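Presented below is the structure to which this report refers.
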Amino acid sequence: MASVLKVKGMSCQHCVMAVTKALNQLDGVKNVQVDLAKGEVRFDNTKEVASNRVAKAIEDAGYEVIQS
Ligand SMILES: [Cu+2]
Numbered sequence: 010m011a012s013v014l015k016v017k018g019m020s021c022q023h024c025v026m027a028v029t030k031a032l033n034q035l036d037g038v039k040n041v042q043v044d045l046a047k048g049e050v051r052f053d054n055t056k057e058v059a060s061n062r063v064a065k066a067i068e069d070a071g072y073e074v075i076q077s
């Protein structure tokens with residue numbers, strides 16, 4: 010399932026790499042794409058990874074998920 014999250018605190022390519030790496034470590038999360046300008050992270054959730062696990066990975070990397 011294609012998923013989009015709003016993430017606060019990403020400001021440069023380093024942030025893009027950090028968030029991408031954090032999400033790629035979750036089994037079932039694929040094709041992570043970060044849109045820095047929009048503050049959005051898109052990915053395919055191929056194994057119904059729980060959204061709180063995805064959010065925790067982003068938060069552990071130092072960024073904040075904006076709950077919609
Ligand atoms: Cu940065």
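Convert by adding 9 to the 1-based position in the sequence shown; the result is the number in our numbering.
For glycine and all other residues, C-beta sits at the position ideal for the given N, C-alpha and C.
Everything numeric in this text was worked out from a predicted model, so none of it was measured.
Query raised in the report: According to the neighbour-count rule (16 or more other Cβ atoms, all chains shown, within 10 Å of its Cβ), is Ala66 buried or exposed?
Result: buried
Query raised in the report: For Ile75, which residues from the same chain have a beta carbon less than 6 Å from its beta carbon, with the 5 sequence-adjacent residues on both sides left out?
Result: Lys15, Lys17
Query raised in the report: Ser20: beta carbon under 7 Å from a heavy atom of ligand 1?
Result: yes
**Report entry** Lys39 versus His23, Ala46, Glu57, residue with shortest Cα-Cα distance
**Finding:** Glu57
Query raised in the report: Is it the case that the Cβ atoms of Met19 and Leu35 are separated by a distance below 8 Å?
Result: no
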